[in-house]
Amino acid sequence: MTIPRSVCVYCGSRAGAKPAYAAAARDTGEMLATRDWQLVYGAGDVGLMGEVARAAQTAGGRTFGVIPEHLFPREVGKRDLTTFVVTETMHERKKVMFMNADAVVVLPGGAGSLDELFEVLTWRQIGLHEKPIFLLNTEGYWAPLGSLIDHIIEQGFADSSLRELVVTVDSVAELETALVSAFA
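Quick note: the sequence shown uses my numbering, first residue 4, plus one each step.
Now the structure itself:
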């Protein structure tokens with residue numbers, strides 16, 4: 004019997020400057036549903052969060068959303084999810100999302116997405132988990148982050164193994180292949 008998988012997707016509560024970001028979010032949601040992988044995300048119905056969730060739902064996928072009380076109005080909490088959890092704090096939100104996922108995918112996003120990424124990356128770096136972490140580099144969005152990670156390593160603040168803890172993929176098709184491999 005196959006173990007059902009869940010993928011945590013961190014992404015923007017805004018759509019971003021390029022239509023390709025929303026298209027990649029929709030494609031990601033659809034891909035997860037097609038693979039019968041549950042989407043775990045921030046429970047918002049705005050920006051890329053809304054795009055990925057609606058696409059997963061439209062394709063018949065399972066959705067697990069987690070939102071803190073104080074963001075419910077701003078992120079328009081999406082109540083029609085398979086599982087909907089309201090937390091007191093952002094910290095609780097991040098913990099519940101991470102604990103209910105087998106892998107992490109980061110789409111384009113802002114400071115919140117970076118906060119989520121760096122928390123799980125740090126946890127992986129210090130050995131608290133071995134879940135795979137993927138950056139979906141839509142139209143080169145994450146290229147500056149790759150340069151920053153290289154800079155951190157070059158300046159002696161991290162071992163070169165830091166690069167190996169995050170896998171960057173350029174398309175949803177590459178993401179799907181990478182997830183299949185990670186779940187094998």
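All C-beta atoms, glycine included, are put in the ideal place defined by N, C-alpha and C.
Alpha-carbon to alpha-carbon, residue j and residue i
i	j	result
SER174	VAL55	15 angstroms
GLU95	PRO71	8 angstroms
THR66	ALA28	14 angstroms
ALA161	ASP83	42 angstroms
ALA59	SER16	17 angstroms
VAL109	THR92	21 angstroms
PRO7	TYR144	30 angstroms
THR90	PRO76	14 angstroms
LYS21	SER116	17 angstroms
VAL12	LEU42	7 angstroms
ARG127	GLU119	12 angstroms
ALA18	GLU133	30 angstroms
PHE121	LEU168	11 angstroms
ARG166	PRO147	14 angstroms
For residue i, the three-state DSSP class (helix, strand or coil)
i	result
VAL99	helix
TYR144	coil
PHE75	helix
ILE129	coil
PHE186	helix
PHE160	coil
LEU178	helix
ILE70	strand
THR37	helix
ALA62	coil
LEU124	helix
Buried or exposed (CB count within 10 angstroms, at least 16 for buried), residue i
i	result
GLU78	buried
MET102	exposed
ALA104	buried
ASP48	buried
SER163	exposed
VAL183	exposed
GLY130	exposed
6 angstroms CB neighbourhood of residue i in its chain, flanking five on each side removed
i	result
GLU179	MET34
GLY80	ALA46, ILE70
GLY113	GLY15
GLY50	GLY15, SER16, ARG17, ALA18
Chain-order list of residues whose beta-carbon lies under 7 angstroms from that of residue i (same chain, five-residue window excluded)
i	result
ALA185	ALA106, PRO135
ASP30	VAL175
GLY149	THR171
GLY63	ALA36
For this session: Decide if the segment 155-163 is in contact with the segment 35-47; the criterion is three or more beta carbon pairs, one per stretch, under 8 angstroms apart.
Result: no
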